[in-house]
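Visitor: Residue numbers (this note's numbering): 146 to 267.
Even glycine gets a Cβ: it sits at the ideal position worked out from N, Cα and C.
Since the structure is predicted, the reported quantities are computational estimates derived from the model, not experimental observations.
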């Protein structure tokens, strides 16, 4: 399958020659127990997003007073390292940010106005 090697393929290839090998034994246990061992963690990334927009589009739409979503998200919020790096390296223009119409659901979210002010101070 396009160069993808799965644990099942490794098991099937090596089982005839290394059936009683410790690694093979553990691999078989792990594959047989996948349902219980697999994490049930569900990432919350993107669940507050209404529309992905590039920083340039957010900025231009805000300035033109046509922006519908007045809040945006970036890991660690408006004063966090990721946004700081976006601004310092001019990556904010092409970076896609999560946006939403109302409310700040967590510390990663902030008003677009704060983003625009940071850009205007560059």
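CB residue 233 to CB residue 194, shorter than 8 angstroms?
Guide: For residue 233 and residue 194, no; Cβs fall outside 8 angstroms.
Visitor: At which residues does the beta strand (DSSP E) containing residue 254 begin and terminate?
Guide: Per DSSP, residue 254 belongs to the beta strand (DSSP E) from 254 to 256.
Visitor: With hydrogens ignored, establish whether the beta-carbon of residue 222 is closer than 7 angstroms to any heavy atom of the ligand FAD.
Guide: With respect to small molecules bound, the structure shown includes none, and the ligand FAD cannot be examined in it.
Visitor: Are there 16 or more other CB atoms within 10 angstroms of the CB of residue 266, so buried, or fewer, so exposed?
Guide: Per the 10 Å Cβ criterion, exposed.
Visitor: Within this structure, are the beta carbons of residue 216 and residue 254 separated by less than 8 angstroms?
Guide: Closer than 8 angstroms, so yes.
Visitor: Let me know if residue 152 comes out buried or exposed under the rule of 16 or more other beta-carbons within 10 Å of its beta-carbon.
Guide: The residue is exposed, with fewer than 16 neighbouring Cβ atoms inside 10 Å.
Visitor: Considering residue 192, what are the terminal residues of the beta strand (DSSP E) in which it resides?
Guide: It is not in any beta strand (DSSP E) - residue 192 carries neither H nor E in the DSSP assignment.
Visitor: Is DSSP giving residue 170 helix, strand or coil here?
Guide: DSSP places residue 170 in helix when its eight states are reduced to three.
Visitor: Within the chosen definition, does the region 152 to 168 reach the region 213 to 229 through at least 3 CB pairs nearer than 8 angstroms?
Guide: No: the two stretches stay apart, fewer than three of their Cβ pairs being nearer than 8 angstroms.
Visitor: Less than 7 angstroms between C-beta atoms, sequence neighbours within five positions excluded: which residues of the same chain meet that for residue 256?
Guide: Hits under 7 angstroms: 215, 216.
Visitor: With DSSP run on the structure shown, which of helix, strand or coil describes residue 220?
Guide: Reduced to three states, the DSSP call for residue 220 is coil.
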